[in-house]
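J.:
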Amino acid sequence: MTQVPDFKAMTQDELAAWFMNNDASALFASGERTHDTAVQVDTEGQPVNQLVSLRIPSDVVARIDAVAGRDREGRSGIIRQALSEWLERHGGADQGAA
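All the letters of the sequence shown, read from the start, carry residue numbers 45 to 142 under the numbering used here.
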């Protein structure tokens, strides 16, 4: 592995150049894995929505799309709301996080 520099003493440009010009795979492999759930946040610290892929029957998608045009948040908003309501009814862990 390439000798690891003092990243804290480097500028953003120096960091970018180091990662562009060095094999960092051993560095990443040596890192300690976290067991905590990571949540991506925006510049204000608000959680960012995650992209999730679902398989939904085409007739259900058609029904959602039929009403989505009248909903400000569209298909995704309808599905988010439905999942949030389901979690509330079924005692999902960490209510209100959805």
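Each residue gets a CB set at the ideal place from its N, CA and C atoms; glycine is no exception.
#1: Can you tell me whether V83 is helix, strand or coil according to DSSP?
#2: Are the beta-carbon atoms belonging to P91 and V83 less than 9 Å from one another?
#3: Over the uninterrupted alpha helix (DSSP H) stretch that includes Q56, give me the two end residues.
#4: Check whether the segment 93–109 touches the segment 119–132, counting contact only when three or more Cβ pairs, one atom from each stretch, lie closer than 8 Å.
#5: Tell me, please, which residues DSSP counts as bridged to P91.
#6: So for S102, helix, strand or coil by DSSP?
T.: According to the structure shown:
#1: Residue mapping note: residue 83 aligns to position 39 of the sequence shown, counting from 1. Coil.
#2: Residue numbering aside, residue 91 sits at position 47 when the sequence shown is read from its first letter. Residue numbering aside, residue 83 sits at position 39 when the sequence shown is read from its first letter. At a Cβ-Cβ threshold of 9 Å, P91 and V83 count as neighbours.
#3: In the sequence shown, counting from the first residue as 1, residue 56 sits at position 12. Start and end: Q56 to N65.
#4: Contact between the segment 93–109 and the segment 119–132 is present: three or more C-beta pairs spanning the two stretches fall below 8 Å.
#5: Position 47 of the sequence shown, counted from the start, is the residue given in the question as residue 91. The partner list for P91 (beta bridge, DSSP) reads V85.
#6: Taking the sequence shown and counting its residues from 1, one reaches residue 102 at position 58. It is helical.
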